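Numbering (our numbering), first residue to last: 254 to 608.
Here is the structure we will look at.
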Ligand SMILES: Cc1cc2nc3c(=O)[nH]c(=O)nc-3n(C[C@H](O)[C@H](O)[C@H](O)COP(=O)(O)OP(=O)(O)OC[C@H]3O[C@@H](n4cnc5c(N)ncnc54)[C@H](O)[C@@H]3O)c2cc1C
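Quick look at the structure:
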């Protein structure tokens, strides 16, 4: 089922807005198709952003595979437009605004979760068991990434995002501002309203520290799910993940058609650790320990690709390594868009709110 929402805004030079949005999309490796005079469709697989211009009007329609995805797409359009036209948010009105703001206080896909348990599924990963008070079945998908959020000020009571009357997500600001980061859902158990999320243990992270030390019953906000790459029609694959992306790797491996061949490289102390963590797979596994993962991976991936050229290649992990892997996938392996993804999940020494 597809969900959609549209907005029409009077702006100067609407054709420039269409062009700029298309350029942004291309920079993010998305496919952009011209669909008519002054009209483009940004093709994000199961999700689309259609933009067009006429005279002094800019029109955007977002089509998402889920309601949480529609919220993300609306926010993406609004943010990029606001870069060109500061103040445009105030004039923006989405077609689903009335129903969205009257039906629900929180945006679709928002859950307040309670910590009900934790364990260590692999060295360096903290598995959080989080329970909600509402039905968590929609967290089974489509999509397997979520935003986890906590008050920026650890002493503050949480104020969660709400639906703005214009149909966009209204994020708390000032003293109520939230620290928001992307994570991957490892499992969903609707019968107990629980989800599991595996968090990398690291210093100086608000979410990582909460994962390590929060008391049972502590609350955290969760929004999603949306996004996640899956290989389509690829008989051979190369999948590489640092520890932050090992949960996403597990979700991908679980969806591989039987008979898919190739290699998988994960940040782990040993292959047996990886085997224990991941679903059964025919892919050949390599484990690279944390201390040398980013240094060793690009050359290792290159040599594995020479043995078994992949039709689909995927990496997620630290930013600088993602850049090296993107070069390998595009320049050396010559894989086209949609057949290669090198995604920055985090960046050494930098923080970025996922709002
Ligand atoms: C789509 C997507 C899915 C993701 N899924 C997961 C997941 O399932 N599990 C998971 O653990 N992470 C996942 N991540 C990565 C996670 O969002 C980041 O690691 C995030 O920065 C952690 O937030 P924080 O509040 O702990 O630290 P931040 O406040 O963001 O960062 C504080 C400091 O820690 C550093 N830092 C951040 N992450 C790491 C790390 N892993 N190791 C060492 N230093 C780090 C930063 O550079 C910064 O200097 C995902 C990211 C994306 C984009």
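Even for Gly, the Cβ is constructed at its ideal location relative to N, Cα and C.
Bear in mind that the values here come from a model prediction, so they are computed numbers and not experimental data.
Residue 441 has its Cβ no nearer than 7 Å to any heavy atom of ligand 1.
In the structure shown, the three-state DSSP call for residue 456 is coil. Between ligand 1 and the CB of residue 459, the shortest heavy atom gap is smaller than 7 Å.
Set against 7 Å, the gap from the CB of residue 601 to the closest heavy atom of ligand 1 is smaller. Proximity to residue 608 across 400, 337, 371 peaks at 400, based on C-alpha coordinates. Taking a contact to require three or more Cβ pairs closer than 8 Å, the segment 359–369 and the segment 331–350 do not qualify as touching. Under the three-state reduction of DSSP output, residue 492 falls in the strand class. Close CB contacts of residue 374 within its chain, under the 7 Å cut and outside five residues either way in sequence, are with 380, 451, 530 (chain order). The beta carbon of residue 438 lies closer than 7 Å to those of 392, 397, 399, 448, 450, 478 in the same chain, with the five residues before and after it left out.
Residue environment: residue 276 is assigned as exposed (fewer than 16 neighbouring CB atoms within 10 Å of its CB, all protein chains considered). Short note on residue 451: C-beta closer than 7 Å to some heavy atom of ligand 1. Between residue 569 and residue 596, the C-beta spacing is below 8 Å.
Bounds of any alpha helix (DSSP H) do not take in residue 540; it lies within the beta strand (DSSP E) bounded by 537–541. DSSP places residue 427 in the helix class (H, G or I) of the three-state scheme. Of the heavy atoms belonging to ligand 1, at least one sits nearer than 7 Å to the Cβ of residue 604.
Under the 10 Å beta carbon count, residue 498 is surrounded by 16 or more other beta carbons and is classified as buried.
Between residue 310 and residue 259, the beta carbon gap of about 12 Å keeps them out of contact (Cβ cut-off 8 Å). Taking the C-beta atoms as reference points, residue 536 is found no nearer than 8 Å to residue 473.
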